[in-house]
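A.B. asks: Below are the structure tokens for one structure; questions will follow.
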Amino acid sequence: MCAPSTSGTTLAAPRRESVFLSLDPVPLAAASIAQVHRACLADGREVVVKVRRPGIGPLIESDLRLLQFAARHMELRFPQLRRFHPASVVRQFKASVTRELDLAAECRHAERISANFLDDPRLYVPEVHWAYTSERMNVQDFVDGIPAGDLAALDAAGIDRPRIARSGAQLVLRMLLRDGFFHADPHAGNVFVMADGRIALIDFGMVGRLTDTRRAEVVRLLFGLVERDTKRVKEVLLDWASGLEPDNGGLGDDIDAFVDRYHDVPLGQLNLAAMLLDVTVLLRVHRLSLPPDLAVLIKTCITLEGLGRSLDPGFDMARQARPFLRRALAAQYAPGQLTRRAAHVADDALRLMASAPRDLLQLLRAIRNGRANLHVEIDEMRGFSTQISHAANRLAGSMVIAALIIGSSIAMTVEGGPTLLGLPLFGLLGFLGASLAGTWLLWWILRSGGGR
Numbered sequence: 001m002c003a004p005s006t007s008g009t010t011l012a013a014p015r016r017e018s019v020f021l022s023l024d025p026v027p028l029a030a031a032s033i034a035q036v037h038r039a040c041l042a043d044g045r046e047v048v049v050k051v052r053r054p055g056i057g058p059l060i061e062s063d064l065r066l067l068q069f070a071a072r073h074m075e076l077r078f079p080q081l082r083r084f085h086p087a088s089v090v091r092q093f094k095a096s097v098t099r100e101l102d103l104a105a106e107c108r109h110a111e112r113i114s115a116n117f118l119d120d121p122r123l124y125v126p127e128v129h130w131a132y133t134s135e136r137m138n139v140q141d142f143v144d145g146i147p148a149g150d151l152a153a154l155d156a157a158g159i160d161r162p163r164i165a166r167s168g169a170q171l172v173l174r175m176l177l178r179d180g181f182f183h184a185d186p187h188a189g190n191v192f193v194m195a196d197g198r199i200a201l202i203d204f205g206m207v208g209r210l211t212d213t214r215r216a217e218v219v220r221l222l223f224g225l226v227e228r229d230t231k232r233v234k235e236v237l238l239d240w241a242s243g244l245e246p247d248n249g250g251l252g253d254d255i256d257a258f259v260d261r262y263h264d265v266p267l268g269q270l271n272l273a274a275m276l277l278d279v280t281v282l283l284r285v286h287r288l289s290l291p292p293d294l295a296v297l298i299k300t301c302i303t304l305e306g307l308g309r310s311l312d313p314g315f316d317m318a319r320q321a322r323p324f325l326r327r328a329l330a331a332q333y334a335p336g337q338l339t340r341r342a343a344h345v346a347d348d349a350l351r352l353m354a355s356a357p358r359d360l361l362q363l364l365r366a367i368r369n370g371r372a373n374l375h376v377e378i379d380e381m382r383g384f385s386t387q388i389s390h391a392a393n394r395l396a397g398s399m400v401i402a403a404l405i406i407g408s409s410i411a412m413t414v415e416g417g418p419t420l421l422g423l424p425l426f427g428l429l430g431f432l433g434a435s436l437a438g439t440w441l442l443w444w445i446l447r448s449g450g451g452r
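The UniProt record's numbering numbers the first residue of the sequence shown as 1 and each following residue consecutively.
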């Protein structure tokens with residue numbers, strides 16, 4: 001049971017004394033957004049109180065605006081960076097940080113994951129006390145367990161670390177591949193092992209979401225990597241290319257070499273996180289884009305595999321993933337799923353057929369009234385037109401310089417008028433202007449590469 005507190009720490013209404021029997025002013029943990037204090041409710045229940053730092057909201061919002069501004073200008077000024085979707089990545093990051101600022105949303109995430117695992121007693125998610133929870137503060141049950149990163153304490157308690165590594169990986173893989181809603185930061189500080197062997201997860205501020213379509217693509221990719229299926233891996237990567245073909249024809253060869261590099265490696269020695277990172281490098285080399293929402297998934301896999309190997313040096317992420325991938329792949333072709341997909345396709349086709357006459361009529365009316373415009377944009381022609389424009393500007397500049405020289409020569413032969421150093425002033429000014437313009441034109445040509 002908790003002991004009454006004698007500290008002077010106070011909370012906003014309702015008064016602290018009516019809610020908490022004790023509240024430790026020294027935080028259990030502190031981060032950039034919030035900090036956590038151990039407390040005891042008036043009914044004697046041990047809890048943790050997570051409080052958001054004052055003024056952190058406006059500060060983060062201003063930083064996010066700067067990031068959005070920088071991302072937009074990167075896409076405008078450096079078209080070659082658009083394939084990395086910097087603006088989309090910032091939007092994903094903004095959504096994640098905004099969710100972390102809402103401490104009540106964190107509790108909703110926890111309850112959603114807890115509901116998904118009602119049939120699995122291995123996972124424990126602390127209960128939320130909604131009566132004392134808001135956007136700026138939440139109250140959850142205290143987790144009485146050993147942090148997964150405290151290996152000495154786990155060994156002293158007789159905990160089977162390899163079992164914990166396997167169970168933790170299976171729980172997160174189930175979130176990823178079955179539910180599409182997952183804890184995105186499963187590092188050692190957010191994972192506890194309880195006395196009864198259950199695994200407790202805390203801090204659901206950072207979560208990831210995968211749509212049904214994206215989850216199906218991830219399953220095909222991971223299954224292709226684990227099973228060394230080059231064709232399956234290539235199909236997914238080309239789907240992620242957003243309809244664009246790679247810059248060269250070497251993608252298939254590179255995928256073959258990539259998969260072959262892992263072909264003779266025993267399953268227990270495969271590093272799934274490293275393989276996913278290699279996939280991102282492969283995409284970058286061939287100028288293909290990685291969907292922004294997959295960055296969180298890859299980060300989660302890397303964190304999870306790192307935690308698993310710290311608990312068990314022989315931990316095999318690929319072996320744990322294989323049965324989940326097989327079940328997820330089989331589920332995609334189950335009769336119920338096929339029926340639902342067929343129904344969606346039929347519904348789309350019917351809506352298209354129903355709207356086609358109206359759309360065709362609108363198009364014919366626009367053509368008849370002269371309001372239909374055909375816009376064709378060819379990247380090569382855009383560059384060619386730019387070169388033509390530069391060449392025309394140089395030619396016009398050369399003609400102006402030639403006219404200045406000819407006019408100045410004529411002015412030098414005309415008697416009378418102001419002079420400088422015994423020479424006609426207007427002629428000298430014309431030659432000076434022609435010299436400056438000629439120097440600038442020569443510098444422009446050399447700077448633009450025309451001098452080669």
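For each residue, glycine too, the CB sits at the ideal point set by N, CA and C.
#1: Grab me the residues of His109's own chain with a C-beta within less than 7 Å of its C-beta, minus the 5 sequence neighbours each way, in chain order.
#2: Mapping DSSP to helix, strand and coil, what is Ser7?
#3: Which residues in the same chain as Arg53 place their Cβ atom closer than 8 Å to its Cβ, once the five residues preceding and following it in sequence are excluded?
#4: Could you name the residues that DSSP lists as bridge partners for Ile199?
#5: Could you pull the start and end residues of the beta strand (DSSP E) that Met137 belongs to?
#6: Decide if Asn138 is buried, meaning its Cβ has at least 16 other Cβ atoms within 10 Å, or exposed.
#7: Keeping to the same chain, check which residues put their C-beta closer than 6 Å to that of Met175; ignore five residues upstream and five downstream.
#8: So, Asp196 versus Asn116, is the Cβ gap smaller than 9 Å?
#9: Using beta-carbon positions only, say whether Leu251 and His286 come within less than 9 Å of one another.
#10: Kindly indicate the opening and closing residues of the beta strand (DSSP E) around Phe182.
#11: For Gly224, count the other beta carbons within 10 Å of its own beta carbon; 16 or more makes it buried, fewer makes it exposed. Which is it?
#12: Nearest CA to the CA of Val296: which residue from Ala273, Phe315, Pro313 and Asp312?
#13: Below 9 Å between beta carbons: does that hold for Ala200 and Val143?
#14: Could you please give the first and the last residue of the uninterrupted beta strand (DSSP E) stretch that includes Arg38?
#15: How would you label His85, buried or exposed, when you count the other beta carbons within 10 angstroms and need 16 or more for buried?
#16: Among Pro126, Asp150, Tyr132 and Gly149, which one has its Cα closest to the Cα of residue 536?
#17: When the Cα atoms are used, what is the spatial distance from Val279 to Arg220?
#18: Measure the alpha-carbon distance for Gln362 versus Pro291 and round it to whole angstroms.
#19: Mind reading off the beta-carbon distance from Ala437 to Ile401? Whole number of angstroms is fine, and I expect it under 8 Å.
#20: I'd like the span of the beta strand (DSSP E) that includes Ser96, first residue to last.
C.D. replies: Quick answer:
#1: Cβ neighbours of His109 beyond the five flanking positions: Phe204 and Val207.
#2: Residue placement at Ser7 cannot be trusted, given a pLDDT of 43 that sits under 50; what the coordinates show is reported in the next sentence. Residue state for Ser7 is assigned as coil, using DSSP reduced to three classes.
#3: Answer for Arg53: Ser32, Ile33, Ala34 and Gln35, listed in chain order.
#4: Leu123 and Val193.
#5: Counting along the chain, the beta strand (DSSP E) containing Met137 begins and ends at Met137 to Asp141.
#6: Under this definition Asn138 is a buried residue.
#7: Closer than 6 Å at the Cβ level, and outside the excluded window around Met175, lie Phe182.
#8: Their beta carbons are not under 9 Å apart, which means Asp196 does not touch Asn116 by this criterion.
#9: Cβ distance < 9 Å, so Leu251 and His286 count as in contact.
#10: Counting along the chain, the beta strand (DSSP E) containing Phe182 begins and ends at Phe181 to His183.
#11: Looking at its Cβ environment, which holds 16 or more other Cβ atoms inside 10 Å, Gly224 is buried.
#12: That would be Ala273, whose Cα lies nearest to the Cα of Val296.
#13: Yes; because the gap between Cβ atoms is below 9 Å, this pair is in contact.
#14: Counting along the chain, the beta strand (DSSP E) containing Arg38 begins and ends at Ala34 to Leu41.
#15: Buried, by the Cβ-count rule.
#16: The question about residue 536 has no answer here: the residues shown for the chain are numbered 1 through 452.
#17: Distance between the alpha carbons of Val279 and Arg220: 14 Å.
#18: Inter-residue distance for Gln362 and Pro291 is about 35 Å (C-alpha atoms, whole angstroms).
#19: That belief holds up - the Cβ atoms of Ala437 and Ile401 are roughly 5 Å apart, short of 8 Å.
#20: Counting along the chain, Ser96 falls outside any beta strand (DSSP E), though it belongs to the alpha helix (DSSP H) covering Pro86 to Leu101.
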